Amino acid sequence: MKVDLGIFAHDEGARIAAMVAGVLSQRHDLDLRVLVLANGCRDNTAAEARAAGAEVAELEEGGKSRTWNRFVHDLSRPEAAVLIFADADITLTQPDALARMVAELAARPALWVVNSRPVKDIALAPPRGLTARLIVRAGGTLEDWRRAICGQLYAMPSHRARAFHLPVGLPVEDGFLRAMVLTDALERPEDFSRIDGTAEPAVFHVYESERSLAGLIRHQVRIVIGSALNLAAFQALRDQPAGTRHTALAEAARTEDWLSRVARARLPRAPDGFVPLHFLTKRSAHLWRQGGLRRVPLLALGFAFDLVVYLLAQIRMARGTGAGFW
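Read in order, the letters of the sequence shown correspond to residues 3 to 328 in my numbering.
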């Protein structure tokens, strides 16, 4: 089976060789093509990747959603049956991870996405100190990873991926893609059977966690802004007549300023402002359902963290300084 793996790399010269070596060791019986998508790089990412044995596409313009479109529609082999999407800064510790993801798709034809479970490196050893414990908790639970798309590592049948396009500039492109997959570009009700992980023991990957609360707050602010922009984009697509939304999505991907025009036309929105209120309350509601009064201390800390993130996201969007200003 022909499989194309795209490694999304922006200024990853220091670690791309290790990533390439890791995925090349996983070929097994796969006809695996490893393509490093060096997008907007100003360092030696491309040279290091080639020296490590990968094919490289040097893309002058950066941006993950733009690069996703190039990989899916222009750079992957037409005959590739499966496309795997990977970030350059993750580690695969299971020697058969990629083969198992491909096998899962082959065994379950109704599956559109097979997801790898994200594991923070800081969570692999017992965290020491209050800050470390808060960081482990503050990123949210991973309990829903089978129903999400983790942009760090996932696989799709190529014909499924090629049915979609992503608007340029999405700060949270995996969340946008998840909505498109679950609803077939907002044409149908959500079908959660389309996304899953592998059979147990699940395929997982390790990623580098933030090491400071300030860094984690910056990261979460970007996620919240990106999610708010996704909601505005969904509304714009839903305004299109049913049956035309795939075409509208493809046109949006070809229009560089589509996302910014949508955001300026639809945000802020009463009574939420730029960011819907549920981004402030969803973690607290989840913790309350899990433990009620027994989790009040953790709930209070989580709510305080989310309040800081929520307010910063509102302020930065109002000032036009958030998530690359769309």
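Heads up, the beta-carbon is just placed ideally off N, CA and C, and yes, glycines get one too.
Predicted model, so just to flag it, every value in this text is computed and none were measured.
Are the beta-carbon atoms of alanine 20 and threonine 47 separated by less than 8 Å?
no
Can you tell me whether DSSP reads histidine 280 as helix, strand or coil?
The answer is helix: DSSP assigns histidine 280 an H, G or I state.
Between the Cα of aspartate 6 and those of Pro243, Gly24, Ile197, Asp33, spot the shortest distance and give me the residue it belongs to.
Asp33
Tryptophan 260 to alanine 254, Cα distance in whole Å?
6 Å
Given proline 169, which residues of its chain have a CB within under 7 Å of its CB, disregarding the five upstream and five downstream residues?
Ser67, Ala235, Ala254, Ala255, Trp260, Leu261
By Cβ distance below 6 Å, which residues in the same chain neighbour valine 208 in space, the five residues on each side in sequence not counted?
Within the same chain, Cβ atoms closer than 6 Å to the Cβ of valine 208 are found at Thr93, Val121, Asp123, the five residues on either side in sequence being excluded.
Proximal residues to alanine 187 (C-beta, below 8 Å), its chain only, five neighbours per side dropped
Its chain contains Ala165, Phe166, Leu239, Arg247, His248, Leu251 as the residues whose beta carbon lies nearer than 8 Å to that of alanine 187, once the 5 sequence neighbours on both sides are disregarded; these appear in chain order.
Could you tell me how far apart the beta carbons of valine 183 and tryptophan 70 are, in whole angstroms, since I believe they sit closer than 8 Å?
In this structure, valine 183 and tryptophan 70 do not form a Cβ contact; the two beta carbons are roughly 13 Å apart against a cut-off of 8 Å.
What residues in its chain sit with their C-beta under 7 Å from that of threonine 95, if we drop five residues either side in the sequence?
Val208
Can you give me the C-alpha to C-alpha distance between glutamate 81 and threonine 200, rounded to a whole angstrom?
24 Å
Tell me whether phenylalanine 73 is buried or exposed, calling it buried when 16 or more other Cβ atoms sit within 10 Å of its Cβ.
buried
DSSP on methionine 21, reduced to helix/strand/coil?
helix
Quick check on the burial criterion: 16 or more other C-beta atoms within 10 angstroms. Buried or exposed for phenylalanine 194?
Counting other Cβ atoms within 10 Å of its Cβ, phenylalanine 194 stays below 16 and is therefore classed as exposed.
Whole angstroms is fine: what's the gap from aspartate 31's alpha carbon to valine 223's?
Going from the Cα of aspartate 31 to the Cα of valine 223 covers about 42 Å.
How long is the line joining the alpha carbons of arginine 190 and alanine 53, rounded to whole angstroms?
46 Å
What first and last residue would you give for the beta strand (DSSP E) that runs through isoleucine 197?
That run of the beta strand (DSSP E) goes 197-199.
Write down every uninterrupted run of the beta strand (DSSP E) in the stretch 4-58 whose length is 3 residues or greater and which is fully enclosed by it, in chain order.
Counting whole runs of 3 or more residues, the stretch 4-58 contains the beta strand (DSSP E) stretches 4-11, 33-41.
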